[in-house]
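Report on the following structure.
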Amino acid sequence: MTPGDTRPDPRPPAIGPEQVRHVARLARLRLSDEELARFTGQLAAVLDYAAELAELDVEGLEPMAHPLPLRNVLRSDEPRPPLRRDEVLEQAPAVEDGCFCVPRILSGEG
Amino acid sequence: MSPTALELAAAVRTAERSARDAVAASIEAIAAGDGAIHAFVEVLADRALARAEQIDAAVAAGSDPGPLAGVPVALKDNLCTRGVPTTCASRILGTWCPPYDATVVERLERAGAVVVGKTNMDEFAMGSSTENSCFGPTRNPRDHARVPGGSSGGSAAAVAAGFVPLALGSDTGGSIRQPAAFCGVVGVKPTYGLVSRYGLVAFASSLDQIGPFAATVADAAAALAAIAGHDERDSTSLSDPVPELAAAVGRGVLGRRIGVVKELVDGVDRPVAARAREAAEAMAAAGATVEEVSIPQLRYGLAAYYLLAPAEASSNLARFDGVRYGLRVDAPDASAMNVATRTEGFGAEVKRRIMLGTYALSAGYYDAYYARAQRVRTLVAQGFGRAFATFDALLGATTPTTAFALAERTENPLAMYLSDTCTVPASLAGIPAISVPFGADPAGLPVGVQVMAPALGESTLFAVAGALERAAPPERRP
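One line per chain: the protein sequences are A and B, in this order. First residue of the first sequence? That's 13 in the working numbering, and the numbers climb one at a time after it. First residue of the second sequence? That's -11 in the working numbering, and the numbers climb one at a time after it.
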């Protein structure tokens, strides 16, 4: 989010297995060694292709996050019926006392 | 030849044919033919027949059930249907039954349409061949050894096979237009914001739009008219009036200025380029002023798209964590459960996109990839803006090739992505686009011609599409 910083390295390094492992961890995915090798090659090919964007002069262009001129959209502040709690909870893998239930959050070694 | 949606609705509204008969015929056609195609992941026979009987009762009681009365429709399985499984063709959603209907489902039903089933797709709409489905691939009804395109391949195939006259899909970078072209049917991606996304499972929220598939341009216009318009449950839905659609189809192109986009014709396979040029000549013969226009920025659209869409997807798909719905793979603590659930629940292409998006957004790479791609998106939109200063509509190929063989591109994601190169630019700019069947390649595979118009220019879009349909070489319609 730094508008001044628009001149990246024209050829960012192709992604390697260490970075793919890191990104998988950030995305809460576990990869086997075979997957790691395969995904690394495939992601590097896509990123190499995307490197052509570095050819373009984008200095001074506004980043476009959305096709619409975005404004805050407000609705009238009137209460209305929400989704039915029992119907929503019925779809959850585990429920206790009307709440979503998950395994313990803090591990023993804390 | 199966009746069009409009013919069917007219017959049902005047009690010439019962909705029950129309819906039963659709269900029988699916039962007889879908074993070879696999367009559907779920057929809702009992529900559809019960609904059809309600429509017949309404007609008998003298009320009008709506402009799509008794028309069987198929829904891509990323559109929420209350009490009916909505899978996105992913193991991670398991047997999830949404507690609400998507706005488009409500609106179709209010117009009298009858949902007969949910269609196959690439998992979470990520793909261009409908091979990335946990249910297995869909086959192209025109050649069973070929893909139907994707990600809305099931909906395109359902219409192409004559199972239903109408279906809905979603288009993020071409997922309606590309399968429409591959299967020889009409497919529409409306202006971003014209159709509510409420109840569409999100892939890339700044790009996703719902739109119809049909065998004819007039049917597509009728379906879009039924689902378009403001919805307060989607804050990105436009409050502008819905453009005139049905009346535009027969209007013709006399005096219209149509630009043939060099970048969407020159680089594509020869037979596809030839059909696109013939389509342009046909528009000139029909009275339009036709000229070539170059929009060099479009060349960069695909690379920008394959950073932006995965970035948005990586954020949207964070919600699938095994807590509130769908699959949970048990593990001793919550964090391990999240990882186990996502690792087992997502297929390979979804994992690739999540990782690509996470990378493009991560510290150190954000400016080089994500921020730069967003600025290139601006360039693409500006390129269209300049072209629309001269032209009312733009024309080009929908796809670089006709339908490719099953398994041809599954091991090479980049080759698969290149299939979207002609459709991605309109998605980035948020403008409406339609694919209309226009002849075939030497092997007899359908070719689609794409028309694009400025935002909310659907009237022009449908006028040109109608003219193309009238000028198209005969064949089509199962």
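For every residue, glycine included, the Cβ atom is placed at its ideal position computed from N, Cα and C.
{"Asked": "Any non-hydrogen atom of the ligand MG within 7 Å of B/Arg35 CB", "Found": "The model on display carries no ligand, and the ligand MG is accordingly not part of it."}
{"Asked": "Contact residues within the region 69 to 82 of chain A, judged by C-beta distance below 8 Å to chain B", "Found": "Val70, Leu73, Glu74, Pro75, Met76, Ala77, His78, Pro79 and Leu80"}
{"Asked": "is_contact[A/Ala57, chain B] using C-beta, thresh 8 Å", "Found": "yes"}
{"Asked": "B/Ala455 in three-state terms, based on DSSP", "Found": "helix"}
{"Asked": "Cβ contact (3+ pairs, closer than 8 Å) linking the region 126 to 144 of chain B and the region 330 to 347 of chain B", "Found": "no"}
{"Asked": "Residue-chain proximity (A/Arg42, chain B), Cβ-Cβ < 8 Å", "Found": "yes"}
{"Asked": "Helix, strand or coil at A/Gly122 [DSSP, three-state]", "Found": "For A/Gly122, the pLDDT reaches just 43, beneath the cut-off of 50, and the residue's location in the model is therefore unreliable, leaving the point undetermined."}
{"Asked": "Residues, ordered as in the chain, of the region 73 to 100 of chain B that lie near chain A by beta-carbon distance below 7 Å", "Found": "Trp84, Cys85, Pro87 and Tyr88"}
{"Asked": "Chain A contact for B/Arg464 (CB, 8 Å cutoff)", "Found": "Reliability of the predicted coordinates at B/Arg464 is poor, the pLDDT of 46 falling under 50, and the value obtained from them is presented with this limitation in mind. With 8 Å as the cut-off, B/Arg464 does not count as an interface residue toward chain A."}
{"Asked": "Expected contact under 8 Å - CB spacing of B/Leu382 and B/Ala375 to nearest Å", "Found": "6 Å"}
{"Asked": "Buried/exposed call for A/Pro15, threshold 16 Cβ in 10 Å", "Found": "With a pLDDT of only 41 at A/Pro15, under the threshold of 50, the placement of this residue in the model should not be trusted, and no figure is reported."}
{"Asked": "Beta-carbon gap between B/Met114 and B/Phe191 smaller than 8 Å", "Found": "yes"}
{"Asked": "8 Å Cβ cutoff met for B/Cys6 and B/Asp44", "Found": "Contrary to the premise, residue 6 of chain B reads as Ser rather than Cys in this sequence. For B/Ser6 and B/Asp44, yes; Cβs fall inside 8 Å."}
{"Asked": "Residues near B/Gly105 by beta carbon distance below 6 Å, same chain, minus five either side", "Found": "Phe28, Glu30, Val31, Leu32 and Ala62"}
{"Asked": "Within 8 Å, strictly: CB atoms of B/Phe467 and B/Gly157", "Found": "The shown model of chain B, from -11 to 466, leaves out residue 467 of chain B, and the question about it has no answer."}
{"Asked": "Nearest residue (CA-CA) to B/Pro87, options B/Cys68, B/Glu97, B/Val102 and B/Glu94", "Found": "B/Cys68"}
{"Asked": "Short Cβ contact (8 Å threshold) for B/Asp408 with B/Leu290", "Found": "yes"}
{"Asked": "Span of the alpha helix (DSSP H) around B/Glu300", "Found": "Gly289 to Asn304"}
{"Asked": "Sub-8 Å separation of B/Ser447 and B/Asp159 beta-carbons", "Found": "no"}
{"Asked": "A/Thr14 in three-state terms, based on DSSP", "Found": "Reliability of the predicted coordinates at A/Thr14 is poor, the pLDDT of 38 falling under 50, and no value is obtained from them."}
{"Asked": "Member of B/Gly58, B/Ser302, B/Gly335 and B/Pro73 whose CA lies at the smallest distance from the CA of B/Lys64", "Found": "B/Pro73"}
{"Asked": "Distance CB(B/Leu226)-CB(B/Leu296) smaller than 8 Å", "Found": "no"}
{"Asked": "Terminal residues of the beta strand (DSSP E) in which B/Glu30 lies", "Found": "Phe28 to Val31"}
{"Asked": "For B/Arg467: DSSP bridge partner residues", "Found": "Past the boundaries of the shown model lies residue 467 of chain B; chain B is included only from -11 to 466, so the question cannot be answered."}
{"Asked": "Cβ neighbours of B/Arg239 in the same chain (closer than 6 Å, five flanking residues each side left out)", "Found": "Ala451"}
{"Asked": "For B/Val281 and B/Lys250, the rounded distance between their alpha carbons", "Found": "6 Å"}
{"Asked": "Below-8 Å beta-carbon distance, B/Asp321 vs any chain A residue", "Found": "yes"}
{"Asked": "B/Ala235 classed as buried or exposed, judged by whether at least 16 other C-beta atoms fall within 10 angstroms", "Found": "exposed"}
{"Asked": "Through-space distance from B/Gly54 to B/Arg1, alpha-carbon basis", "Found": "8 Å"}
{"Asked": "Proximity test, Cβ basis, 8 Å: B/Met325 and chain A", "Found": "yes"}
{"Asked": "Buried versus exposed, by CB contacts within 10 Å (16 or more), B/Glu97", "Found": "buried"}
{"Asked": "Spatially closest choice to A/Leu80 from B/Gly142, B/Ser193 and B/Glu279, by CA coordinates", "Found": "B/Ser193"}
{"Asked": "Sequence-distant residues of its chain with Cβ nearer than 8 Å to B/Tyr358 (five each side left out)", "Found": "Leu295, Leu296, Ala299, Ala348 and Leu349"}
{"Asked": "Strand pairing of B/Trp440, partner residues [DSSP]", "Found": "Looking at the sequence itself, residue 440 of chain B is Met, so the reference to Trp does not match. B/Leu382 and B/Ala421."}
{"Asked": "The alpha helix (DSSP H) enclosing B/Ser143, as first and last residue numbers", "Found": "Gly141 to Ala148"}
{"Asked": "For B/Asn128, three-class secondary structure by DSSP", "Found": "strand"}
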